[in-house]
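Engineer: Sending over a structure as structure tokens; questions will come in a sec.
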Amino acid sequence: MKESKCVMLGDSSVGKSSVMYRFVRNIFYDTIPCIPEGIFYRDPLKINNESIKFQMWDTVGQERFRSLNKYYYKNAQFVVIVFDVNDQKSFDNVRYWFQQQQQFTLNSAVIIVGNKIDLLTREVTIKQGEDLANELECQYIKCSAKTGQNIIEIFEKIGRIWLSKPQCKEIETPILQKQEESSQKSCF
33 MKESKCVMLG
43 DSSVGKSSVM
53 YRFVRNIFYD
63 TIPCIPEGIF
73 YRDPLKINNE
83 SIKFQMWDTV
93 GQERFRSLNK
103 YYYKNAQFVV
113 IVFDVNDQKS
123 FDNVRYWFQQ
133 QQQFTLNSAV
143 IIVGNKIDLL
153 TREVTIKQGE
163 DLANELECQY
173 IKCSAKTGQN
183 IIEIFEKIGR
193 IWLSKPQCKE
203 IETPILQKQE
213 ESSQKSCF
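In structure tokens form, the structure reads like this:
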């Protein structure tokens with residue numbers, strides 16, 4: 033089984049946490065506090081005969097917290113950049129989030145997610161989302177964290193992208209071993 037780190041990026045209030053909670057717990061909360069969350073795990077997802085256990089890292093989109101996000105990016109295999117299809121500014125900022133992750137990740141699988149498709153108003157079209165994804169050489173998918181539409185598909189799609197990369201590997205976890213005690217005591 034591959035345990036893989038997934039970082040959620042995007043502006044504040046686009047639904048990053050909602051997408052994550054829907055994926056991990058199959059729950060939708062109307063309100064979620066804007067604080068950086070810890071790590072959440074989901075039961076393994078079977079993709080291309082491989083089991084992937086997603087280690088989810090939620091970030092804060094608010095400007096005052098953005099400097100902290102780079103610490104979340106380290107060793108991420110997956111990057112999910114979320115925008116609100118009803119908010120043009122959040123879509124315009126996808127490039128910013130893409131550039132940020134490029135500075136701090138190496139060979140991550142990236143997907144752009146247009147959230148809140150359950151709402152009737154649209155400021156961003158499907159074609160705009162697809163065109164931006166093509167420009168940035170990544171994938172695009174639309175979803176609704178509220179209804180659950182396409183949530184599992186996001187992670188199946190990004191999992192397939194990652195598994196197709198030659199450098200696909202598990203997170204390196206250091207193994208601690210007890211050192212043998214020396215009969216001589218020394219400060220050196």
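Last residue of the sequence shown: 220 (the numbering used here), numbering continuous. Beta carbons are placed, not taken as given, at the ideal position from N, Cα and C, and that holds for glycine.
Does the distance from the C-beta atom of residue 46 to that of residue 114 stay below 8 Å?
Structural biologist: Position 14 of the sequence shown holds residue 46. Position 82 of the sequence shown holds residue 114. Against a cut-off of 8 Å, the Cβ pair of residue 114 and residue 46 comes out as a contact.
Engineer: Is the segment 46–64 in contact with the segment 174–185, if contact means three or more CB pairs nearer than 8 Å?
Structural biologist: Because the criterion of three Cβ pairs below 8 Å is met, the segment 46–64 and the segment 174–185 touch.
Engineer: For residue 161, which of helix, strand or coil comes out of DSSP?
Structural biologist: Numbered from 1 along the sequence shown, position 129 holds the residue referred to as residue 161. Looking at residue 161 - three-state DSSP - the assignment turns out to be helix.
Engineer: Between the C-alpha atoms of residue 105 and residue 133, what's the straight-line distance to the nearest angstrom?
Structural biologist: As a working mapping, residue 105 is identified with position 73 in the sequence shown. As a working mapping, residue 133 is identified with position 101 in the sequence shown. Residue 105 and residue 133: Cα-Cα distance of roughly 7 Å.
Engineer: Quick one: give me the first and last residue of the alpha helix (DSSP H) that residue 50 is part of.
Structural biologist: For the purposes of this step, residue 50 is taken as the residue at position 18 of the sequence shown. From DSSP, the alpha helix (DSSP H) with residue 50 extends over 48–57.
Engineer: Looking at residue 112 and residue 143, is the spacing between their C-beta atoms short of 8 Å?
Structural biologist: Locating residue 143 in the sequence shown gives position 111, counting from the first residue. Locating residue 112 in the sequence shown gives position 80, counting from the first residue. Result yes, Cβ atoms of residue 143 and residue 112 sit closer than 8 Å.
Engineer: Just grab the DSSP bridge partners of residue 83 for me.
Structural biologist: Counting from one through the sequence shown, the residue named residue 83 turns up at place 51. DSSP output for residue 83 lists 78 as bridge partner(s).
Engineer: Would you mind reading off the limits of the beta strand (DSSP E) that contains residue 171?
Structural biologist: Residue numbering aside, residue 171 sits at position 139 when the sequence shown is read from its first letter. Run containing residue 171: 171–174, per the beta strand (DSSP E) assignment.
Engineer: Classify residue 116: buried if its beta carbon has 16 or more other beta carbons within 10 angstroms, exposed otherwise.
Structural biologist: Residue numbering aside, residue 116 sits at position 84 when the sequence shown is read from its first letter. Answer is buried; the Cβ neighbour count reaches 16.
Engineer: Quick one: complete beta strand (DSSP E) runs, 3+ long, within the segment 101–169?
Structural biologist: 110–116, 141–147, all fully within the segment 101–169.
Engineer: According to DSSP, is residue 36 helix, strand or coil?
Structural biologist: Here residue 36 corresponds to residue number 4 of the sequence shown, with the count starting at 1. Looking at residue 36 - three-state DSSP - the assignment turns out to be strand.
Engineer: Hey, could you find the ends of the alpha helix (DSSP H) residue 191 is sitting in?
Structural biologist: Sequence index remark: in the sequence shown, residue 191 carries index 159 (1-based). 183–196 is the extent of the alpha helix (DSSP H) around residue 191.
Engineer: Only counting the same chain, and skipping five residues up and downstream in sequence, which positions put a Cβ closer than 7 Å to that of residue 80?
Structural biologist: Along the sequence shown, read from residue 1 onward, the residue named residue 80 stands at position 48. 192, 195.
Engineer: From residue 58 to residue 147, what distance separates their C-alpha atoms?
Structural biologist: The residue given as residue 58 occupies position 26 in the sequence shown. The residue given as residue 147 occupies position 115 in the sequence shown. The alpha-carbon atoms of residue 58 and residue 147 are separated by roughly 16 Å.
Engineer: Taking DSSP as the reference, what is the three-state secondary structure of residue 60?
Structural biologist: Against the sequence shown, residue 60 aligns to sequence position 28. If DSSP states are grouped into helix, strand and coil, residue 60 belongs with coil.
Engineer: Could you compute how far the alpha carbon of residue 153 sits from the alpha carbon of residue 173?
Structural biologist: For the purposes of this step, residue 153 is taken as the residue at position 121 of the sequence shown. For the purposes of this step, residue 173 is taken as the residue at position 141 of the sequence shown. Approximately 18 Å between the Cα atoms of the pair.
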